[in-house]
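> FYI, this note's numbering numbers position 135 of the sequence shown as 135, with every residue one higher than the one before it. Before anything else, here's the structure in question.
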Amino acid sequence: MFPEYDVIVVGAGHAGCEAAAAAAKMGSKVMLATMNMNTIAQMSCNPAMGGVAKGQIVREVDALGGMSGIITDKTMIQFRMLNKSKGPAMWSPRAQSDRMRFAEEWRLTLEQTENVDFWQEMVSGILVEEGKAAGVHTSLGITIRGKAVILTNGTFLNGIIHIGEKQLGGGRAAEKSAKGITEQLIELGFEAGRMKTGTPPRVDGRSLDYSKMEEQFGDETPSKFSYTDTEPLKEQRSCYITYTNSEVHEILKTGFEKSPMFQGRIQGLGPRYCPSIEDKINRFAERDRHQIFVEPEGWHTVEVYVNGFSSSLPENVQYQAIRKIAGFENAKMFRPGYAIEYDFFPPTQLNLTLETKLVSNLYFAGQINGTTGYEEAACQGLMAGINAHNKINGKEPFVLKRSEAYIGVLIDDLVNKGTEEPYRMFTSRAEHRILLRQDNADIRLTKMGYELGLADESRLKAVEKKIEETAEIIAYLNNKPIEPEDINSMLESLGSAPINEKQRAGQLIKRPNVEIEDIAAAVPAVAEYLSKFKTDSIEQAGIAVKYESYIDKEYAMASKMSELENYLIKDKINYRSIPALSAEAKEKLLKVQPETIGQASRISGVTPADISVLMVYLGK
Numbered sequence: 001m002f003p004e005y006d007v008i009v010v011g012a013g014h015a016g017c018e019a020a021a022a023a024a025k026m027g028s029k030v031m032l033a034t035m036n037m038n039t040i041a042q043m044s045c046n047p048a049m050g051g052v053a054k055g056q057i058v059r060e061v062d063a064l065g066g067m068s069g070i071i072t073d074k075t076m077i078q079f080r081m082l083n084k085s086k087g088p089a090m091w092s093p094r095a096q097s098d099r100m101r102f103a104e105e106w107r108l109t110l111e112q113t114e115n116v117d118f119w120q121e122m123v124s125g126i127l128v129e130e131g132k133a134a135g136v137h138t139s140l141g142i143t144i145r146g147k148a149v150i151l152t153n154g155t156f157l158n159g160i161i162h163i164g165e166k167q168l169g170g171g172r173a174a175e176k177s178a179k180g181i182t183e184q185l186i187e188l189g190f191e192a193g194r195m196k197t198g199t200p201p202r203v204d205g206r207s208l209d210y211s212k213m214e215e216q217f218g219d220e221t222p223s224k225f226s227y228t229d230t231e232p233l234k235e236q237r238s239c240y241i242t243y244t245n246s247e248v249h250e251i252l253k254t255g256f257e258k259s260p261m262f263q264g265r266i267q268g269l270g271p272r273y274c275p276s277i278e279d280k281i282n283r284f285a286e287r288d289r290h291q292i293f294v295e296p297e298g299w300h301t302v303e304v305y306v307n308g309f310s311s312s313l314p315e316n317v318q319y320q321a322i323r324k325i326a327g328f329e330n331a332k333m334f335r336p337g338y339a340i341e342y343d344f345f346p347p348t349q350l351n352l353t354l355e356t357k358l359v360s361n362l363y364f365a366g367q368i369n370g371t372t373g374y375e376e377a378a379c380q381g382l383m384a385g386i387n388a389h390n391k392i393n394g395k396e397p398f399v400l401k402r403s404e405a406y407i408g409v410l411i412d413d414l415v416n417k418g419t420e421e422p423y424r425m426f427t428s429r430a431e432h433r434i435l436l437r438q439d440n441a442d443i444r445l446t447k448m449g450y451e452l453g454l455a456d457e458s459r460l461k462a463v464e465k466k467i468e469e470t471a472e473i474i475a476y477l478n479n480k481p482i483e484p485e486d487i488n489s490m491l492e493s494l495g496s497a498p499i500n501e502k503q504r505a506g507q508l509i510k511r512p513n514v515e516i517e518d519i520a521a522a523v524p525a526v527a528e529y530l531s532k533f534k535t536d537s538i539e540q541a542g543i544a545v546k547y548e549s550y551i552d553k554e555y556a557m558a559s560k561m562s563e564l565e566n567y568l569i570k571d572k573i574n575y576r577s578i579p580a581l582s583a584e585a586k587e588k589l590l591k592v593q594p595e596t597i598g599q600a601s602r603i604s605g606v607t608p609a610d611i612s613v614l615m616v617y618l619g620k
């Protein structure tokens, strides 16, 4: 019935879609198996992409040749660049998406991608032959053979939905859970755990009083995610902000005795940085209000996502409480919030390629690895798709360093440290975040994407032009003299000290409150010169000049740390036989089996002293 595929992807969420698209674009024959083709790339939680650190990941996926940035640009209804008041390492793009259009655009993109086939059915097991993944079994008893298998099951593995005292089997509202895979993987020797996540009620926007809320507009000049020529937004939809209050909290507390979280019916740990409303009230009892973001789910739908009100309390308690929020007095609920508990597999069982250590040619990506978020899932799917294709074609593994991408930080964290709660990316997780900015992801990664066969030549040429233009602008700024009479009034208006003799433009831009745009606005010759260049190149040059010393220090630190990555650990080592290692280091190193000294140094519980012992042992 089926040919043998190169790569079989199980699950069509954000990880599965990127995995299938990447492997197919690189030349693999791909089978994408999903329980429901109508929910491909479903935004199960909030209808948005990006955010702090997450926006950087979407830019990196796009720079490598992935599709999430392009799909987001085509379907967004609002764009905001977050943290613009901070340094550029913190600038983070975020887009509000049209939920239905996003899913539709992903499906149509995959349908138009050569080499992608689809099968709608539950996958119930993996075909394993001689320690190697060789295909999948379905619930109808069909076997589909493949050279590599990527599991991207999201929240569906033995998923249970909790609403108050009610428990429903399911991987998402109105969708059944997946059975069989967890049990087989445990039999094969894998360790499994449980996690939970949650979602808020959805309400009818026609029943809300927006006059009682604070309107949140998109950026006046909206940017976009993709480095390709996708169209920027010409009009946007607003979001709104309101707050809970003490009356809301008191009503919610009446449901605590029936809360699955407080009564212990949920065993899995939830995301620390996205807690339910009942968890917020319990943990932050001193606060009398919590912020609620009122987010439209699309251009034309009236459905509204109540961000910040995630709950698994009984539906009547949710309904009574939500109507005490300002602007929600007459709210009509489409469906209540719920918690969902599901199986995951601690990611310390993976190599840095996302291939499992126990079964070769078997890859895990997304929430199965204990992560949370569309963006974190998408980048893992992309990397698994790339590495599955490379493995079966005898090519080198593709692994990003921590100094090269947030994607590298995420995977390195997962594999070396593991996670006991849903992992979410933050800028603070990256020690080289001034190098890993959202504005330079194309410069960092597009050449790699081109060499992989994902990014086309037009992308590479665009990046090369950006690099040339940036260098030209930097040289101009560092040599362009500015006279005091041309600039002092502007400097004083910004609260910056005037100059007594001419200074080069680059020196002025290094001042904390002076930007390249300010120099251009004050000095017509600079403005005329810059008018020849693209905005991206000008922004890149401005950042490079202002933060030159910081960037140089980061590069030097990254170079020093990369030396440890060059010390390969070629053979498996019985770390218990090295007497000078600490007991914890022996167990952790034995479990992870790091490939380099650098990787060993990042394993939680392995100290610098342990690394010294290991280097002596290896003769380094």
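Beta carbons: idealized from backbone N, C-alpha and C, even for Gly.
1) From this set, Y374, D442, T72, which residue's C-alpha is nearest L15's C-alpha?
2) For L352, which beta-bridge partners are listed by DSSP?
3) Taking C-beta to C-beta, are L435 and S403 nearer than 8 Å?
4) Inspect the beta-carbon positions of S177 and F156 and report whether they are closer than 8 Å.
5) Based on DSSP bridge pairs, tell me the residues matched to N416.
6) Would you check if the stretch 87-100 and the stretch 37-52 touch, i.e. whether three or more CB-CB distances between them fall below 8 Å?
7) I'd like to check one pair, M383 with K54: are the Cβ atoms closer than 8 Å?
8) Quick check for students: name the residue ranges of the alpha helix (DSSP H) that lie wholly in the stretch 75-122, counting only runs of 4 or more.
9) What would DSSP say about G159, mapped onto helix, strand or coil?
10) If we require 3 or more residues per run, which beta strand (DSSP E) segments fall completely within the stretch 20-70?
11) Out of V306, N245, A326, Y342, which one is the CA nearest neighbour of L168?
12) Can M100 be considered in contact with the ligand FAD, in the sense that its beta carbon sits closer than 7 Å to one or more heavy atoms?
13) Suppose you measure from the CA of V306 to the CA of V294; what does that come to, to the nearest Å?
14) Assess, as a yes-or-no matter, whether the stretch 109-121 is touched by the stretch 23-35 under the definition of 3 or more beta carbon pairs within less than 8 Å.
15) Just curious, the beta strand (DSSP E) that R194 is in, first and last residue?
16) Can you pull the DSSP bridge partners for R335?
17) Pairing CB atoms from the stretch 530-547 with CB atoms from the stretch 469-484, are three or more of them under 8 Å?
18) Please check the pair L328 and P201, which I expect to be a contact at CB under 8 Å, by giving their CB distance rounded to whole angstroms.
19) With H, G and I counted as helix, E and B as strand and the rest as coil, what does DSSP make of Q267?
20) Is I163 closer than 8 Å to P296 when the C-beta atoms are compared?
21) Is there contact between the stretch 490-499 and the stretch 512-523, where contact requires at least three CB pairs shorter than 8 Å?
22) So within the stretch 485-516, which uninterrupted alpha helix (DSSP H) runs reach at least 4 residues, ignoring any that extend past its ends?
23) Round the Cβ separation of L452 and I386 to the nearest angstrom and send it over; I've been treating them as touching at under 8 Å.
24) Let me know the secondary structure DSSP gives Y406 once reduced to three states.
25) For the beta strand (DSSP E) holding E303, just list the boundary residues, first then last.
26) Between the alpha carbons of H137 and C379, how many angstroms are there, rounded?
27) Leaving out the 5 sequence neighbours to the left and right, which residues in its chain are closer than 6 Å to S66 when beta-carbon positions are compared?
28) May I have the straight-line CA-CA distance separating L354 from C274, to the nearest angstrom?
29) Give me the Cβ distance between L564 and Y575, rounded to the nearest whole Å; I'm assuming they're in contact under 8 Å.
30) DSSP state of R145, grouped into three classes?
31) Using a 10 Å radius around the Cβ and a threshold of 16 neighbouring Cβ atoms, would you call Q550 buried or exposed?
32) Note down the Cα distance separating M90 from F2, rounded to an integer number of angstroms.
33) For G180 and G125, which I take to be in contact (beta-carbon distance under 8 Å), what is that distance rounded to the nearest angstrom?
34) Which complete beta strand (DSSP E) runs does the stretch 428-475 hold, if anything under 3 residues is left out?
35) Mind reading off the beta-carbon distance from Q291 to I241? Whole number of angstroms is fine, and I expect it under 8 Å.
36) If you count every other CB in all the chains shown that lies within 10 Å of the CB of H432, and 16 or more means buried, which is it?
Looking at the coordinates:
1) The sequence shown places Ala at residue 15, rather than the Leu named in the question. When Y374, D442, T72 are compared, the shortest CA-CA separation from A15 is found for Y374.
2) Partner(s): none; L352 has no beta bridge.
3) Cβ distance < 8 Å, so L435 and S403 count as in contact.
4) In this structure, S177 sits near F156, with a CB-CB distance shorter than 8 Å.
5) The bridge partners DSSP lists for N416 come to none.
6) Yes: at least three Cβ pairs fall under 8 Å.
7) No; because the gap between Cβ atoms is not below 8 Å, this pair is not in contact.
8) Within the stretch 75-122, the runs of alpha helix (DSSP H) that reach at least 4 residues and sit entirely inside it are, in chain order, 99-111.
9) Note: G159 maps to coil in three-state DSSP.
10) Contiguous beta strand (DSSP E) elements confined to the stretch 20-70 occur at 30-34, 48-50, taking only those with 3 or more residues.
11) Taking L168 as reference, the option from V306, N245, A326, Y342 with the minimal CA-CA separation is Y342.
12) Ligands in the displayed structure: none, and consequently the ligand FAD is not present.
13) V306 and V294: Cα-Cα distance of roughly 5 Å.
14) Yes, they touch.
15) Residues 193-199.
16) Per DSSP, the beta bridge partners of R335 are R202.
17) With a cut-off of 8 Å, the stretch 469-484 and the stretch 530-547 count as touching, because enough Cβ pairs lie within range.
18) First, the residue type needs correcting, since residue 328 is Phe and not Leu in the sequence shown. So it is not a contact: roughly 10 Å between Cβ atoms.
19) When DSSP states are grouped into helix, strand and coil, Q267 belongs to the coil group.
20) Taking 8 Å as the Cβ cut-off, P296 and I163 do not qualify as a contacting pair.
21) As far as the Cβ criterion goes, the stretch 490-499 touches the stretch 512-523, which means the pair count is three or higher.
22) Runs of the alpha helix (DSSP H) inside the stretch 485-516: 505-509.
23) Cβ atoms of L452 and I386 come within 8 Å of each other, at about 6 Å.
24) Residue state, collapsed to three classes: helix.
25) Residues 303-307.
26) Taking the straight line joining both Cα atoms gives about 26 Å.
27) Per the sequence shown, the amino acid found at residue 66 is Gly instead of Ser. Hits under 6 Å: E18, L382.
28) The alpha-carbon atoms of L354 and C274 are separated by roughly 26 Å.
29) The beta-carbon distance between L564 and Y575, rounded to whole angstroms, is 17 Å. This is too long to meet the 8 Å contact definition.
30) Taken through DSSP and simplified to helix, strand or coil, R145 comes out as strand.
31) Residue identity check: residue 550 is Tyr in the sequence provided, not Gln. Its Cβ having fewer than 16 others within 10 Å, Y550 is exposed.
32) M90 and F2 have their C-alpha atoms some 48 Å from each other.
33) At roughly 5 Å, the Cβ-Cβ gap stays under 8 Å, so G180 and G125 are in contact.
34) Qualifying beta strand (DSSP E) stretches: none in this window.
35) About 6 Å separates the beta carbons of Q291 and I241, which is inside the 8 Å limit, making them a contact pair.
36) Its Cβ being crowded by 16 or more others within 10 Å, H432 is buried.
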